[in-house]
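K.L.:
Attaching a single structure in structure tokens format; questions to follow.
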Amino acid sequence: EETEGRYRLSELGVKEGGRRFADEFSGLQDTAHGECGPECPHCQGISRDACVHCAPDEEPAPPITQR
53 EETEGRYRLS ELGVKEGGRR FADEFSGLQD TAHGECGPEC PHCQGISRDA CVHCAPDEEP
113 APPITQR
């Protein structure tokens, strides 16, 4: 949407942009594999994806559809 020679996101664009940003950077907010102490029973000897302590616990949000 253009206002006064500048562009702004529509309400839908703001929501979609926020969702996409959250999806792209959500992995950076997770605990790093092995970041916990060396005695952590969840991280020892397994990959990050198999670790119940570090693996993502939910699927990304579905895309927003325009009506």
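When we follow this note's numbering, the leftmost residue of the sequence shown carries the number 53, and every step to the right adds one. Beta carbons are placed, not taken as given, at the ideal position from N, Cα and C, and that holds for glycine. All values reported here derive from a predicted model rather than from experimental measurement.
Mapping the DSSP letters down to three states, classify Arg60 as helix, strand or coil.
P.N.:
On the sequence shown, residue 60 is found 8 positions in, with the first residue counted as 1. Arg60: coil per DSSP, three-state reduction.
K.L.:
CA-CA distance, Ala74 and Gly65?
P.N.:
Translated into the one-based positions of the sequence shown, residue 74 becomes position 22. Translated into the one-based positions of the sequence shown, residue 65 becomes position 13. When rounded, the distance between both Cα atoms is 14 Å.
K.L.:
Cys95 to Glu76, Cα distance in whole Å?
P.N.:
For the purposes of this step, residue 95 is taken as residue 43 along the sequence shown, with counting starting at 1. For the purposes of this step, residue 76 is taken as residue 24 along the sequence shown, with counting starting at 1. Taking the straight line joining both Cα atoms gives about 24 Å.
K.L.:
What separation, rounded to the nearest whole angstrom, lies between the Cα atoms of Leu68 and Arg60?
P.N.:
On the sequence shown, position 16 is the one that residue 68 refers to. On the sequence shown, position 8 is the one that residue 60 refers to. A small correction: the amino acid at residue 68 is Glu; Leu does not occupy that position in the sequence shown. Distance between the alpha carbons of Glu68 and Arg60 is about 13 Å.
K.L.:
Taking 8 Å as the limit between beta carbons, can you name the residues of its chain near Arg72, skipping five residues before and five after?
P.N.:
One-based indexing of the sequence shown puts residue 72 at position 20. Closer than 8 Å at the Cβ level, and outside the excluded window around Arg72, lies no residue.
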